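In the working numbering, the protein residues as written are 35 to 318.
What follows is one structure encoded as structure tokens, with my remarks underneath.
Right, here's the structure in full:
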């Protein structure tokens, strides 16, 4: 496809991650915040955790509940052990992804394993449609080697966590939200047109280097998120003079009411009350 045939979405707005503390005091950058849930439906939250100081992350995320959505944890560096109240346990290694469907309820812990060194990764929350919110909880632990990487062109590699890229099917597909989750590495002086389904809400997050997005060449630097305009377009053009690493994330909106209380995401206040009651009564 020649460049003049590819129509790119433009950057609608730029946002910078907000430092927050979560779990037992883990320092995070909250990239997709609560006020963007409608605009970026079906996505509820994106956190980046990145530190070479174990004090920032070693306490981890002790037992905490979830209901009504999916969590996607992607490790770039470091390891994370998870356990839940159904006896499941797993270890996420560098490059690996855990796709967890909380469904009707799960209580789990996520604890970093290493004593020193870099801990870097992301957690994305993906909403579930109302019909699936009370489904049985499920996990998929996907090691780095099971996630396809496409050499899209010279100097551009695309790791396909979910959805499709260059006719390659990602490690995860979901019918309701049809998520696209790409980790794209651009070498210096390269350009790549990333395809995004036209009806999807989409954003990108640069986590290393900087790039220019869209035909207008909006500069996006590490630590910035760009919300992409919903337009009749094939996807987004990315260009980097000095090299960049960027997540491109998109999904089909559910267009359902969102009722959230912390780790419970339902459609109505009554369902939230029920979730809180069930959790208190130990029914998760």
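Each residue gets a CB set at the ideal place from its N, CA and C atoms; glycine is no exception.
This structure is a prediction, so every number in the text was calculated from the model and none was measured.
Query raised in the report: Could you give the residue range of the beta strand (DSSP E) that holds residue 186?
Result: 183-187
Inset, instruction - Taking residue 73 and residue 270 to be in contact with their CB atoms under 8 Å, please state how far apart those CB atoms are, rounded to whole angstroms. - result: With 8 Å as the limit, residue 73 and residue 270 do not qualify as a contact, their Cβ atoms being about 16 Å apart.
* Asked: Can the beta-carbon of residue 136 be found closer than 7 Å to that of residue 98?
  -> no
request  = Report buried or exposed for residue 63, applying the criterion of at least 16 other Cβ atoms within 10 angstroms of its Cβ.
outcome  = buried
Counted within 10 angstroms of its Cβ, other Cβ atoms place residue 35 as buried (16 or more) or exposed: Note that residue 35 scores a pLDDT of 46, beneath 50, so its modelled location is shaky; the value from the coordinates is reported in the next line. The residue is exposed, with fewer than 16 neighbouring Cβ atoms inside 10 Å.
Q.
Please classify residue 159 as buried or exposed, where buried requires at least 16 neighbouring CB atoms within 10 angstroms.
A. buried
Review point. From which residue to which residue does the alpha helix (DSSP H) around residue 306 run?
Key: 303-314
Discussion item. Whole angstroms are fine: how far does the CA of residue 126 sit from the CA of residue 148?
Written reply: 12 Å
Original post:
Can you give the Cα-Cα distance for residue 115 and residue 91, rounded to whole angstroms?
Top reply: 13 Å
*Spatial neighbours of residue 119 within its chain, please: CB distance less than 6 Å, with the 5 preceding and 5 following residues excluded, ordered by chain position.*
141
Compare the beta carbon distance of residue 284 and residue 230 with 7 Å and say whether it is the shorter of the two. yes
For this session: Could you tell me the boundaries of the beta strand (DSSP E) in which residue 285 lies?
Result: 278-285
#### Entry: Cβ-based neighbour list, residue 71, same chain, cut-off 7 Å, excluding 5 preceding and 5 following
78, 292
Let me check one thing: in DSSP terms, what residues is residue 80 bridge-paired to?
66, 158
For this session: Please list, in chain order, all residues of the same chain as residue 188 whose beta carbon is under 7 Å from its beta carbon, the five residues on each side excluded.
Result: none
Close-in-space but distant-in-sequence residues of the same chain around residue 133 (CB under 6 Å, 5 per side omitted):
106, 174, 206
Assign residue 68 to one of two classes, buried (16 or more other C-beta atoms within 10 Å of its C-beta) or exposed (fewer than that). exposed
So, residue 210 versus residue 204, is the Cβ gap smaller than 7 Å?
no
Measure from the alpha carbon of residue 257 to the alpha carbon of each residue in 245, 117, 108, then state which is nearest.
-> 245
Pick from 290, 179, 39 that is closest to residue 166, judged by C-alpha positions | 290
Which runs of the beta strand (DSSP E) spanning at least 3 residues fall entirely within the segment 190-229, listed in chain order?
190-196, 214-220, 224-229
So, with DSSP's three-state summary, where would you put residue 143? strand
Checklist entry - Below 7 Å between beta carbons: does that hold for residue 182 and residue 190? => result no
**Report entry** Distance, residue 259 Cα to residue 89 Cα
**Finding:** 26 Å
Query raised in the report: If we ignore side chains and look at the alpha-carbon of each, how far apart do residue 311 and residue 121 end up?
Result: 22 Å
Notebook entry, point to check: Helix, strand or coil: which one does DSSP assign to residue 150?
Noted result: coil
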